[in-house]
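Just so you know, the sequences run in chain order P and C. The first sequence begins at 2 in the working numbering and counts up by one. The second sequence begins at 2 in the working numbering and counts up by one. Built from N, CA and C at the ideal position, the CB exists for glycine as well. Since this is a predicted model, take the numbers as computed values, not measurements. Structure first, commentary second.
Number of protein chains: 2
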Amino acid sequence: MTTRIVELRRSILKKNDELAATLRQRYATDGVLVLNLVSSPGTGKTAFLEPTLRELRARGSRVAALVGDLETDNDARRLAASGAPVRQINTHGICHLDAEMIDKHLAGWEGVELASLDYLFIENVGNLVCPSSYDLGESIRVALLSVTEGEDKPLKYPTLFNSADAAVITKMDIAEPCGFDRDLALKNINQIRPGIRIFETSAKTGSGMEEWLAYLEEMASRRPS
Amino acid sequence: MTTRIVELRRSILKKNDELAATLRQRYATDGVLVLNLVSSPGTGKTAFLEPTLRELRARGSRVAALVGDLETDNDARRLAASGAPVRQINTHGICHLDAEMIDKHLAGWEGVELASLDYLFIENVGNLVCPSSYDLGESIRVALLSVTEGEDKPLKYPTLFNSADAAVITKMDIAEPCGFDRDLALKNINQIRPGIRIFETSAKTGSGMEEWLAYLEEMASRRPS
Chain P
2 MTTRIVELRR SILKKNDELA ATLRQRYATD GVLVLNLVSS PGTGKTAFLE
52 PTLRELRARG SRVAALVGDL ETDNDARRLA ASGAPVRQIN THGICHLDAE
102 MIDKHLAGWE GVELASLDYL FIENVGNLVC PSSYDLGESI RVALLSVTEG
152 EDKPLKYPTL FNSADAAVIT KMDIAEPCGF DRDLALKNIN QIRPGIRIFE
202 TSAKTGSGME EWLAYLEEMA SRRPS
Chain C
2 MTTRIVELRR SILKKNDELA ATLRQRYATD GVLVLNLVSS PGTGKTAFLE
52 PTLRELRARG SRVAALVGDL ETDNDARRLA ASGAPVRQIN THGICHLDAE
102 MIDKHLAGWE GVELASLDYL FIENVGNLVC PSSYDLGESI RVALLSVTEG
152 EDKPLKYPTL FNSADAAVIT KMDIAEPCGF DRDLALKNIN QIRPGIRIFE
202 TSAKTGSGME EWLAYLEEMA SRRPS
């Protein structure tokens, strides 16, 4: 049984990687920066994306978001308040997004053309494990971690942090009541992924958001146009 | 491909259910109350289990714990400080515990006999999705949710909350700085699982722990002995 599972898993991942490579090529051709946001449920991906979408739009950028959840379209509705086009992907029991879901939802997205976007944000299903294995063709994988979660998460979920291009610490406004050990968290992230860009943010107070937005604009400016 | 996955998944779950039924029978014969704790990473399962193990031991109960994590034995070391026997299960990439892992780790656990225990706590891998599908033969499935995670988690992860026997809200001490909406959280839990026992706790201040311990003792007293 185990051998069959390992083989089938390998075959699924291989198929996913092939489609992700096609998507990656398409994003590059269309000149859109695609970010895949991965974290535990409740880390605050949606709360972090709200000001991100709003601010980028205010600066004249064209942004859109795909949002993965098992059930409900709560997050999509929250993000749509930014004015950006947002599409919910309900996975109905699947604990991650895969390249096929992205491909399908991009295809049927009325009024949204990749080539007319500067940024596409993909909010993955809240899960620190399986999303790490599924390449969505993204330009940048972002691992998020909140100050409430425990500083050893990077050590416990090395695959995610090791495959991430940037790390975002969320909810810095409640770092103190949570007893968050900042030095330890930074040390653990750097142990798994040395030199990774780390942003310390609060969606509530806005702290750290300026640095994050500057990073996005810098990464977008490097895309072929 | 999808059909093959669904079939294989069904076959894996069926096999798991059969072994879980055997384990359940064994727990009953041995008179041990087995609890399976499931939550998001960072909800505070370990911090909640620390005083639970310590207090039950102080009252003369015989307790032990199995702790699932992808990597590291941090949690097992934390729990072992209670003096209870604790065994780490490293899943190395698997995002949940299954009945076979439990069976294997019970078998090779030096110095620990199920029949000599009152309580066995199983701390599952931090994940709100896949652990819901894997029966470990537990007497009580506990879904944990922290005040930092967002009140709509029960709606977004209905399978877990719908299959849980008790719900524990953790980190009540930081409910206020987190802007936790208690009424909404209780409403959402009850919408998915009407009438479920809910404990509002703080491992830091100890609030709610007395009620939780009384519940455990009540449930244990109902076991055949």
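Are there 16 or more other CB atoms within 10 angstroms of the CB of residue i, so buried, or fewer, so exposed?
i: C/P52; result: buried
i: C/E150; result: buried
i: C/A108; result: exposed
i: C/G180; result: exposed
i: C/S208; result: exposed
i: C/V143; result: buried
Taking the alpha carbon of residue i as the point to measure from, which residue in the options has its own alpha carbon closest?
i: P/H97; options: P/A176, P/P42, P/R224; result: P/P42
i: C/A204; options: C/L54, C/V39, C/N37; result: C/L54
i: C/L115; options: C/L217, C/A176, C/Q26; result: C/Q26
i: P/T73; options: P/A176, P/H93, P/E111; result: P/H93
i: C/A85; options: C/K105, C/N91, C/R60; result: C/R60
i: P/T202; options: P/K46, P/A22, P/N75; result: P/K46
i: P/E101; options: P/I13, P/A221, P/A176, P/A165; result: P/I13
i: C/I123; options: C/E139, C/E111, C/L129; result: C/E139
i: C/D153; options: C/N189, C/H106, C/P178; result: C/N189
i: C/M173; options: C/S147, C/L185, C/L187, C/D184; result: C/S147
i: C/L137; options: C/L187, C/V35, C/A82; result: C/V35
i: C/P132; options: C/E111, C/S164, C/K105, C/W110; result: C/S164
Residue i by DSSP, collapsed to three states: which one?
i: P/V7; result: helix
i: P/R183; result: helix
i: C/A65; result: strand
i: C/I95; result: coil
i: C/E211; result: helix
i: C/E118; result: Strictly speaking, residue 118 of chain C in this sequence is Leu, with Glu absent from that position. DSSP places C/L118 in coil when its eight states are reduced to three.
i: P/R60; result: coil
i: C/R223; result: coil
i: C/L129; result: coil
i: P/D74; result: coil
i: P/Y135; result: coil
i: P/P52; result: helix
i: C/R27; result: helix
With DSSP as the reference, please indicate the residues paired to residue i in a beta bridge.
i: P/L145; result: P/V169
i: P/E201; result: P/I170
i: P/L80; result: Looking at the DSSP assignment, P/L80 forms no beta bridge with any residue, so it has no partner.
i: C/N37; result: C/I123, C/R142
i: C/V87; result: C/A66
Going by beta carbon distance, what residues of the same chain come within less than 6 Å of residue i, once the five residues before and after it are set aside?
i: C/I197; result: A168
i: P/P159; result: I193
i: C/F49; result: T171, A204
i: P/L214; result: E56
i: C/A65; result: A85, P86, V113, L118, L121
i: C/D31; result: L115, A116
i: P/Y216; result: none
Leaving out five residues before and five after residue i in sequence, what residues of the same chain have Cβ atoms less than 7 Å from its Cβ?
i: C/D99; result: N17, Y135
i: P/G69; result: I90, T92, L98, E124, N125, V126
i: P/L80; result: T47, L50, E51, L54, A66, V68, V87
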